[in-house]
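Residue numbers (this note's numbering): 149 to 499.
Think of the CB as a built atom: it goes at the ideal place given N, C-alpha and C, for glycine as much as any other residue.
No experiment lies behind these values; they were computed from the predicted model shown.
Report on the structure given below.
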Ligand code: KG4
Ligand code: ZN
């Protein structure tokens, strides 16, 4: 079966084609992405109205590009999948509207996907796909969660952030340091060559005994340090900025690694799957690899280019849901979107 996936929840328009196989995980045939980063950069963050308008411009040309690259005609698509939530309402409506219009025109069923389930299942598109069950560390711009994953759709949240997400901590700290948007890659780049121990930053909830996270206090400490340094922070003859960036990254990474290892130990699992934009972070991958190797744990990541938002993960999640019998695509073209949609409510998603 051929699944067309459309992602438009935030600042990336993604379209992809995934095909199920008789054996093994579905396969990615082609994908195309347009990132709005340049457009939002001038505002220091995503402007929802501009995001929606741009998705409208991109989604059809990207769909054409994907079909052309896969050498597949539109009417061969069996299911049209789209991100139903969570995300920006107007942006989600664009992908949902186009997907349902395509479904209605082709008389093919449609399926609304949970964006986080897309991230969670994206490592199945990699060369070294995981096997169920596993512990998942989902680290994106809006979410930080540790999950016990038994099968497609069987997700139990072990812990999550009580305030800012890990990606948000990167983004907000980077902004305070004048590093631009999106902050994760910018801060990580700045941190290269910096001393991760130069500044003593808090590791919130590290020893809380549960699997929850808190990153809001870290941002405040970064602000305090940046304020203390004043103009010296930007003095290129010093390493202050690289040191503060490295110290911030180290604080976030250390908490993520410690909690992931503790969760694996507590529930006795030997497989970890990392997903979401922060999963692209080099330092996080390095530290997790070291900790997992020491503890005899297998760790899986999405391909680097599929860590942040993309259409492939949406087509993949739809394909895996249908293939596993968790959900049927519907010949129902009236749509709604769910800007706020906890992953734990995923089973109540049929229209
Ligand atoms: O998963 P994602 O694309 O979007 C959401 O669903 O939220 O994640 C975006 C987040 C942003 O906060 C971005 O700064 C962060 O992922 N990010 C990174 C890196 N690449 C993206 N954070 C740290 N290091 C990176 N290399
Ligand atoms: Zn995302």
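**Report entry** Validate contact between the region 355-371 and the region 317-324 using beta carbons, cut 8 Å, 3 pairs
**Finding:** yes
Query raised in the report: What first and last residue would you give for the alpha helix (DSSP H) that runs through residue 213?
Result: What you label residue 213 is simply residue 65 of the chain shown in a count that begins at 1. Run containing residue 213: 196-218, per the alpha helix (DSSP H) assignment.
Query - Unbroken alpha helix (DSSP H) run spanning residue 315, endpoints - result: Position 167 of the chain shown, counted from the start, is the residue given in the question as residue 315. Its alpha helix (DSSP H) spans residues 314-324.
**Report entry** Straight-line gap, residue 451 to residue 429 (C-alpha atoms, nearest Å)
**Finding:** Residue 451 sits at position 303 when you count from the first residue of the chain shown. Residue 429 sits at position 281 when you count from the first residue of the chain shown. Going from the Cα of residue 451 to the Cα of residue 429 covers about 12 Å.
Report task. Check residue 190 in the structure and name its three-state DSSP category. Result -> In the chain shown, residue 190 corresponds to position 42, counting from 1. The answer is coil: DSSP assigns residue 190 none of H, G, I, E or B.
Query raised in the report: In three-state terms, what does DSSP make of residue 419?
Result: Residue mapping note: residue 419 aligns to position 271 of the chain shown, counting from 1. Strand at residue 419.
Report task. Taking residue 196 as the reference, give the member of 159, 213, 210, 249 with the closest Cα. Result -> Working through the chain shown from its first residue, we reach residue 196 at position 48. Nearest C-alpha to residue 196: 159.
Query raised in the report: Among 469, 407, 454, which one has its Cα closest to the Cα of residue 440?
Result: Translated into the one-based positions of the chain shown, residue 440 becomes position 292. Of the listed residues, the one whose Cα sits closest to residue 440 is 407.
Requested in this report: Note down, in chain order, each residue of its chain lying with its Cβ closer than 7 Å to the Cβ of residue 192, except the 5 sequence neighbours on either side.
Outcome: Position 44 of the chain shown holds residue 192. Hits under 7 Å: 323, 329.
**Report entry** Nonlocal neighbours in the same chain, by C-beta distance under 7 Å from residue 173, ignoring five residues either side
**Finding:** The residue given as residue 173 occupies position 25 in the chain shown. These residues qualify, in order along the chain: 272, 277.
Query raised in the report: Say the cut is 7 Å; is the CB of residue 288 nearer than that to a heavy atom of the ligand KG4?
Result: As a position in the chain shown, residue 288 is number 140, starting the count at 1. Residue 288 Cβ: within cutoff of the ligand KG4.
Report task. With residue 237 as the anchor, note down where its alpha helix (DSSP H) starts and where it stops. Result -> In the chain shown, residue 237 corresponds to position 89, counting from 1. Start and end: 237-254.
Query - Contact set for residue 481: own chain, Cβ-Cβ below 7 Å, skip 5 residues either direction - result: Position 333 of the chain shown, counting from 1, holds the residue named residue 481. Around residue 481: 248, 251, 252, 258.
**Report entry** Whole-angstrom distance between residue 185 and residue 215, CA atom to CA atom
**Finding:** Translated into the one-based positions of the chain shown, residue 215 becomes position 67. Translated into the one-based positions of the chain shown, residue 185 becomes position 37. If I take the Cα positions, the gap works out to 25 Å.
**Report entry** Closer than 7 Å: residue 428 CB and nearest the ligand KG4 heavy atom
**Finding:** Residue 428 sits at position 280 when you count from the first residue of the chain shown. Result yes, Cβ under 7 Å from the ligand KG4.
Query raised in the report: Helix, strand or coil: which one does DSSP assign to residue 488?
Result: Counting from 1 along the chain shown, the entry for residue 488 is found at position 340. Of the three classes helix, strand and coil, the one that applies to residue 488 here is coil, per DSSP.
Query - For residue 414, the nearest candidate out of 311, 492, 358 (CA to CA) - result: On the chain shown, residue 414 is found 266 positions in, with the first residue counted as 1. Considering only alpha carbons, the answer is 358.
Query raised in the report: Could you give the residue range of the alpha helix (DSSP H) that holds residue 171?
Result: For the purposes of this step, residue 171 is identified with residue 23 of the chain shown, where counting begins at 1. No alpha helix (DSSP H) holds residue 171; DSSP gives it neither H nor E.
Query - Spatial distance of residue 211 from residue 383 (CA atoms) - result: Numbered from its first residue, the chain shown carries residue 211 at position 63. Numbered from its first residue, the chain shown carries residue 383 at position 235. Between residue 211 and residue 383, the C-alpha separation is close to 46 Å.
Requested in this report: Could you tell me which of 296, 234, 417, 207 sits nearest to residue 266, measuring between CA atoms?
Outcome: As a first step, residue 266 must be located in the chain shown, where it is residue number 118. Measuring from the Cα of residue 266, the nearest candidate turns out to be 234.
Query - Heavy atom of the ligand KG4 within 7 Å of residue 243 beta-carbon - result: Counting from 1 along the chain shown, the entry for residue 243 is found at position 95. Because no heavy atom of the ligand KG4 lies under 7 Å away, the Cβ of residue 243 does not count as near it: no.
**Report entry** Any non-hydrogen atom of the ligand KG4 closer than 7 Å to residue 316 Cβ
**Finding:** Residue 316 sits at position 168 when you count from the first residue of the chain shown. Yes, the Cβ of residue 316 comes within 7 Å of a heavy atom of the ligand KG4.
Query raised in the report: Can we say the region 377-395 touches the region 337-345, given the rule of at least three CB pairs closer than 8 Å?
Result: yes
Query raised in the report: In chain order, what residues of the same chain lie with their CB nearer than 6 Å to the CB of residue 498, ignoring the 5 residues before and after it?
Result: Position 350 of the chain shown, counted from the first residue, corresponds to residue 498. Only weak support is given to the placement of residue 498: the predicted model assigns it a pLDDT of 49, under 50, and the value that follows is read from those uncertain coordinates. No residues qualify anywhere along the chain.
**Report entry** DSSP beta-bridge partners of residue 493
**Finding:** Locating residue 493 in the chain shown gives position 345, counting from the first residue. Looking at the DSSP assignment, residue 493 forms no beta bridge with any residue, so it has no partner.
**Report entry** Continuous beta strand (DSSP E) assignments of at least 3 residues falling wholly in the region 252-299
**Finding:** 258-262, 282-287, 292-299
**Report entry** Rounded separation between residue 479 and residue 457 - CA only
**Finding:** Here residue 479 is taken as the residue at index 331 of the chain shown, counted from 1. Here residue 457 is taken as the residue at index 309 of the chain shown, counted from 1. Whole-angstrom Cα-Cα distance: 26 Å.
Query - Residues of its chain near residue 168, where Cβ-Cβ distance is below 7 Å and the 5 sequence neighbours each way are ignored - result: Position 20 of the chain shown, counting from 1, holds the residue named residue 168. The residues are 149, 174, 467, 471.
Query - Short Cβ contact (8 Å threshold) for residue 411 with residue 306 - result: For the purposes of this step, residue 411 is taken as the residue at position 263 of the chain shown. For the purposes of this step, residue 306 is taken as the residue at position 158 of the chain shown. Yes, the pair counts as a contact, with Cβ atoms nearer than the cut-off.
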